[in-house]
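Per the working numbering: the sequence shown = residues 318 to 558. Okay, so here's the structure we're looking at.
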Amino acid sequence: MNGLDLGGLSSLSAEEYFGASLWQLYKSIDSPYKAVLKTLLLEAYSWEYPNPRLLAKDIKQRLHDGEIVSFGLDPYCMMLERVTEYLTAIEDFTRLDLVRRCFYLKVCEKLSRERACVGWRRAVLSQLVSEWGWDEARLAMLDNRANWKIDQVREAHNELLDAMMQSYRNLIRFARRNNLSVSASPQDIGVLTRKLYAAFEALPGKVTLVNPQISPDLSEPNLTFIYVPPGRAKPFRLVSV
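What follows is the structure in structure tokens.
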């Protein structure tokens with residue numbers, strides 16, 4: 318059998334981890350749910366640097382050992398497993414809960430709804446949510462994401478923002494810890510900082526984009542303007558009824 322040797326993975330530089338993490342943070346601004354898991358995997362690699370346990374090597378080792386786990390070495394399941402190890406080690410259970418929700422939404426198997434055919438993805442996901450201790454109410458809430466309105470979307474947006482900003486701060490610490498002095502780094506950091514603040518910073522009179530692909534439709538059938546007595550910061554409140 319012919320093979321193609323693409324080279325080893327043991328000598329990835331700190332600059333490569335920095336660049337990949339920076340790219341994922343850029344992507345998180347427009348598609349946060351898709352970027353969270355990959356961003357935190359790179360953060361886990363950076364935390365283990367200079368001796369990270371790459372998933373590619375982990376898969377190869379498991380195959381050599383004849384270890385085929387229940388999810389068949391699925392890449393996303395392995396990413397979740399590694400990120401879970403990392404966040405548990407640093408006791409960041411807030412972001413761990415967020416990662417699990419992002420993974421659940423990514424798989425797109427609505428466990429609160431019965432299906433005639435149960436594939437391996439649904440079986441694995443059912444096992445995971447059981448281990449996480451999720452109840453039917455949480456599953457129903459996540460499965461109803463297409464109908465989330467502004468309050469739920471704003472809460473989800475704030476959680477995603479906090480997680481990405483924490484990853485951003487950890488990335489800057491990684492760069493300083495490894496004395497990254499490549500010429501592009503300061504400029505890239507500046508561009509990312511400006512883009513993050515432009516997207517997320519709350520400023521007077523600014524209309525904040527709170528729905529970066531979180532819910533497909535925030536429209537309401539009816540809206541009510543409520544007059545607020547003088548002396549309050551905002552003269553009107555807008556509520557849905």
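Backbone N, C-alpha and C fix where the C-beta goes; we use that ideal spot for every residue, glycine too.
Residue i - containing alpha helix (DSSP H), residue span
{"i": "I346", "result": "A331 to D347"}
{"i": "L540", "result": "Per DSSP, L540 belongs to no alpha helix (DSSP H); it is in the beta strand (DSSP E), L540 to Y544."}
{"i": "I376", "result": "L372 to H381"}
{"i": "A454", "result": "E453 to D460"}
{"i": "N487", "result": "I467 to R494"}
{"i": "A440", "result": "W437 to W449"}
Check whether residue i and residue j have beta carbons under 8 angstroms apart
{"i": "A473", "j": "I407", "result": "no"}
{"i": "L354", "j": "V400", "result": "yes"}
{"i": "L397", "j": "V416", "result": "yes"}
{"i": "N394", "j": "V441", "result": "With the sequence shown as reference, residue 394 is identified as Cys, and Asn is not the correct amino acid for it. In this structure, V441 lies closer than 8 angstroms to C394 by Cβ."}
{"i": "L422", "j": "L459", "result": "yes"}
{"i": "F335", "j": "L497", "result": "yes"}
{"i": "Y366", "j": "A331", "result": "yes"}
{"i": "R412", "j": "E426", "result": "no"}
{"i": "I467", "j": "L535", "result": "yes"}
{"i": "A463", "j": "P538", "result": "no"}
{"i": "Y350", "j": "C419", "result": "yes"}
{"i": "A515", "j": "L526", "result": "no"}
Coil, strand or helix - residue i by DSSP
{"i": "A519", "result": "coil"}
{"i": "R430", "result": "coil"}
{"i": "S500", "result": "Residue confidence for S500 is low, a pLDDT of 49 falling below 50, so the modelled location carries little weight; the figure read from the coordinates is stated next. Note: S500 maps to coil in three-state DSSP."}
{"i": "S363", "result": "helix"}
{"i": "L535", "result": "coil"}
{"i": "L354", "result": "helix"}
{"i": "T525", "result": "coil"}
{"i": "G548", "result": "coil"}
{"i": "N258", "result": "Examination of residue 258 is not possible in this model, given that the chain is present from 318 through 558 alone."}
Closer than 8 angstroms to chain E by CB, residue i
{"i": "Y544", "result": "Protein chain content of the structure displayed is limited to a single chain, and chain E is not contained in it."}
Three CB pairs or more closer than 8 angstroms across the segment 428-441 and the segment 350-367:
no
Do the segment 470-484 and the segment 336-353 meet, that is, are 3 or more Cβ pairs less than 8 angstroms apart?
yes
Can you check the segment 387-423 for any alpha helix (DSSP H) of at least 4 residues that lies completely inside it and give the ranges in chain order?
392-406
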